[in-house]
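Engineer: This is the structure I want to talk about, given as structure tokens.
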């Protein structure tokens with residue numbers, strides 16, 4: 001606030017203190033008020049409060065918002081009492097507007113008065129001159145007119161503003177500052193949004209073109225310029241059809257339909273594009289197209305494949321690594337080899353330790369995809385959120401700790417090859433939905449991204465659960481089950497291929513100690529003979545562990561400690577004893593099933609039992625068909 005006198009300054013400070021306003025008060029004469037206003041503006045002042053005449057002077061010389069302190073009729077009354085004895089014309093010199101009822105009030109008090117109104121400094125001087133010319137002997141008004149009156153030796157008194165007028169001016173000024181701050185905040189937010197949009201447009205890997213409701217180009221980013229070999233200056237404001245004659249964007253503008261993953265040729269460049277209509281209040285107001293050069297996509301795919309090889313996404317095993325000469329394993333390998341010739345989804349079912357990944361790798365290496373990546377993941381070892389980010393990848397900044405530049409998911413990495421999903425029965429319902437979509441649409445979307453990425457992946461899954469029962473319980477989606485169960489491969493447990501046990505064990509021993517394995521072979525065979533009727537609940541993995549224990553003890557010449565009591569766990573031993581008596585019946589059922597081509601009705605008849613009894617025994621012996 002700038003006031004003309006100490007007296008008015010004190011009055012203003014009293015108002016400010018009484019109402020706890022944050023306003024600084026300065027006293028200044030008219031000749032240095034411009035300098036003061038400029039200095040205050042540099043210090044951050046947003047609004048200057050002053051008398052109305054001073055306001056006009058400041059507005060002519062300084063670019064800053066001003067609020068005038070109005071003079072009311074009440075402000076004149078005290079002065080009128082002092083001048084009522086004056087005989088002659090009294091000039092009331094006011095800024096901008098005349099005081100209502102002023103002349104009537106003067107007549108009542110016997111004062112000969114006239115009002116002079118000015119709206120600029122020049123007019124103020126003219127008002128003083130006119131008052132003198134009219135014969136006025138005394139003037140009353142603001143500080144601006146006082147200077148001109150002094151130059152003419154014209155008697156003049158400056159009116160002091162009332163506290164009410166000062167308070168009203170402060171209130172108005174604070175409202176203006178509030179509005180200004182809100183507007184500044186809006187502008188800052190708007191500028192920030194613009195900066196964000198510019199960053200997205202200018203630094204995305206996609207080309208982007210947008211048209212308005214009339215089909216005129218209003219956005220084209222640098223990537224679009226590069227891909228389509230055009231200049232922004234020659235495109236903005238132009239009709240899209242004139243610049244790109246074979247564009248399909250006008251179709252989306254007319255029908256309001258999305259067009260996703262469309263391949264087309266523009267300006268000699270083949271692109272993969274998405275066209276998205278902008279719909280406001282059910283009306284199409286424009287279309288945005290995003291696109292990539294197909295060559296760039298292909299190069300990215302090659303890069304991912306190179307990285308996958310470098311990271312070791314390779315299948316090490318082939319069917320030659322599957323040991324055994326039993327008819328059961330030969331039949332299983334034959335089925336698996338036939339599956340390798342096509343790219344349909346395979347569901348491998350087998351107990352723990354039966355070699356599900358070994359078969360998955362062998363199938364991959366016998367397929368047309370053998371030069372592509374082989375990616376394996378155990379679904380039961382991860383949480384839902386972690387599994388989804390591993391499956392589908394994520395964009396940079398999706399969550400705290402996300403890798404810079406984002407991360408390709410396993411489906412992306414497996415493009416052109418095989419992905420093996422072990423323990424598929426343990427994935428969450430939400431992940432089941434996403435996996436189903438991948439199988440149906442053959443495309444993925446990274447977590448935190450809207451971009452669709454086509455993938456060409458052969459999916460092999462494995463489980464030791466009965467997925468049909470899981471479907472009946474509501475734990476596994478039926479539609480996903482049928483998507484996964486196109487080709488089914490059952491891996492026999494080791495107890496069903498006992499004749500292979502010694503060959504497999506010998507092979508493990510050779511892997512452990514190829515140079516000296518013959519020294520320990522007799523010990524190994526002796527133990528296996530003692531375990532002839534053992535059921536091997538842990539299957540090949542359990543056998544591998546057993547061979548390693550025997551080898552360690554034999555190498556350290558602790559052969560006295562080698563007996564089945566130490567080599568087979570108490571739990572496994574109890575299982576062995578419990579099932580030993582039932583083993584003959586188990587083998588009898590297996591043989592009957594094989595002889596009757598897995599027909600339950602014929603098997604039950606040949607065994608002389610009802611189908612319900614056979615069903616119970618199949619369940620008890622964990623025999624799945």
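Residue numbers (the UniProt record's numbering): 1 to 625. Each residue gets a CB set at the ideal place from its N, CA and C atoms; glycine is no exception. Because the structure is a prediction, the values reported are computed rather than measured.
List the whole-angstrom C-beta distance separating residue 15 from residue 167, where the pair is believed to meet the contact cut-off of C-beta under 8 Å.
Structural biologist: Between residue 167 and residue 15 the Cβ distance is about 5 Å, and since that is below 8 Å, they are a contact.
Engineer: Report the residue ranges of all beta strand (DSSP E) runs contained in full by the stretch 231–300; include only those spanning at least 3 residues, in chain order.
Structural biologist: Listed in chain order, the complete beta strand (DSSP E) runs (minimum 3 residues) inside the stretch 231–300 are 259–266, 269–280, 283–293.
Engineer: Residue 420 by DSSP, collapsed to three states: which one?
Structural biologist: Here residue 420 sits in strand by DSSP.
Engineer: Which class does residue 443 belong to by DSSP, given the choice of helix, strand or coil?
Structural biologist: Note: residue 443 maps to strand in three-state DSSP.
Engineer: In whole angstroms, what is the alpha-carbon distance linking residue 133 and residue 91?
Structural biologist: The alpha-carbon atoms of residue 133 and residue 91 are separated by roughly 11 Å.
Engineer: Which same chain residues, not among the five before or five after residue 192, have their C-beta less than 7 Å away from its C-beta?
Structural biologist: Excluding residues within five positions, none has a Cβ falling inside 7 Å.
Engineer: Looking at C-alpha atoms only, which residue of 438, 459, 595, 441 is the closest neighbour of residue 347?
Structural biologist: Looking at the Cα atoms, 459 is the closest of the given residues.
Engineer: Starting from the N-terminal side, write out each stretch of the alpha helix (DSSP H) that is 4 residues or longer and does not extend beyond the stretch 26–81.
Structural biologist: Fully enclosed alpha helix (DSSP H) runs of 4 or longer: 33–42, 52–61.
Engineer: Given a cut-off of 8 Å on the beta-carbon distance, is the pair residue 1 and residue 23 in contact?
Structural biologist: Their beta carbons are under 8 Å apart, which means residue 1 touches residue 23 by this criterion.
Engineer: Can you give the beta carbon distance from residue 319 to residue 366, rounded, assuming they're within the 8 Å contact cut?
Structural biologist: Residue 319 to residue 366, Cβ: 6 Å. Contact.
Engineer: Count the other CB atoms, across all protein chains shown, that sit within 10 Å of the CB of residue 454; report buried if there are 16 or more and exposed otherwise.
Structural biologist: Exposed, by the Cβ-count rule.
Engineer: Who are the near neighbours of residue 598 in its chain, counting only those whose CB is closer than 7 Å to its CB and skipping five residues on each side?
Structural biologist: Closer than 7 Å at Cβ, skipping near neighbours: 625.
Engineer: What is the C-beta distance between residue 359 and residue 467, in whole angstroms, given that I count them as a contact (C-beta under 8 Å)?
Structural biologist: With a Cβ gap of about 17 Å, residue 359 and residue 467 do not count as contacting.
Engineer: If I measure Cβ to Cβ from residue 108 and keep anything under 6 Å in the same chain, skipping five residues before and after, which residues do I get?
Structural biologist: Closer than 6 Å at Cβ, skipping near neighbours: no residue.
Engineer: Should residue 241 be labelled buried (16 or more other beta-carbon atoms within 10 Å of its own) or exposed?
Structural biologist: Looking at its Cβ environment, which holds fewer than 16 other Cβ atoms inside 10 Å, residue 241 is exposed.
Engineer: Return the residue from the list 417, 149, 122, 529 that minimises the CA-CA distance to residue 314.
Structural biologist: It is 417 whose Cα lies nearest to the Cα of residue 314.
Engineer: Flag this pair as touching only if the stretch 168–184 and the stretch 77–84 have three or more C-beta atom pairs under 8 Å; answer yes or no.
Structural biologist: Too few Cβ pairs lie closer than 8 Å, so no.
Engineer: Buried or exposed: residue 197, going by 16 or more other Cβ atoms within 10 Å of its Cβ?
Structural biologist: Answer is exposed; the Cβ neighbour count stays below 16.
Engineer: What is the DSSP secondary structure of residue 89, counted as helix, strand or coil?
Structural biologist: Residue state, collapsed to three classes: strand.
Engineer: Alpha carbon to alpha carbon, how far is residue 577 from residue 465?
Structural biologist: Unreliable positioning characterises residue 577 in this predicted model, as indicated by a pLDDT of 46, which lies under 50. A coordinate reading is not provided.
Engineer: By the DSSP assignment, the alpha helix (DSSP H) with residue 11 in it spans what residues?
Structural biologist: Per DSSP, residue 11 belongs to the alpha helix (DSSP H) from 6–19.
Engineer: If we cut at 8 Å on Cβ distances, does residue 85 have a partner in chain B?
Structural biologist: This model lacks chain B altogether; it includes just one protein chain.
Engineer: Got a sec, what are the start and stop residues for the beta strand (DSSP E) residue 158 sits in?
Structural biologist: It spans 156–158 - the beta strand (DSSP E) in which residue 158 sits, taken as one unbroken run.
Engineer: Within this structure, are the beta carbons of residue 223 and residue 206 separated by less than 8 Å?
Structural biologist: Result yes, Cβ atoms of residue 223 and residue 206 sit closer than 8 Å.
Engineer: Compute the Euclidean distance between the alpha carbons of residue 66 and residue 54, then round it to the nearest angstrom.
Structural biologist: Between residue 66 and residue 54, the C-alpha separation is close to 10 Å.
Engineer: Please report how far the alpha carbon of residue 412 lies from the alpha carbon of residue 375, in whole angstroms.
Structural biologist: Their Cα atoms are separated by approximately 10 Å.
Engineer: Buried or exposed, going by whether 16 or more other CB atoms sit within 10 Å of the CB of residue 354?
Structural biologist: It counts as buried.
Engineer: Is the stretch 529–548 touching the stretch 500–507 in the sense that three or more CB pairs, one from each, lie closer than 8 Å?
Structural biologist: Contact holds: three or more Cβ-Cβ distances are below 8 Å.
Engineer: Quick check on the DSSP output: the alpha helix (DSSP H) that includes residue 112 runs from which residue to which?
Structural biologist: Not the alpha helix (DSSP H): residue 112 falls in the beta strand (DSSP E), residues 112–118.
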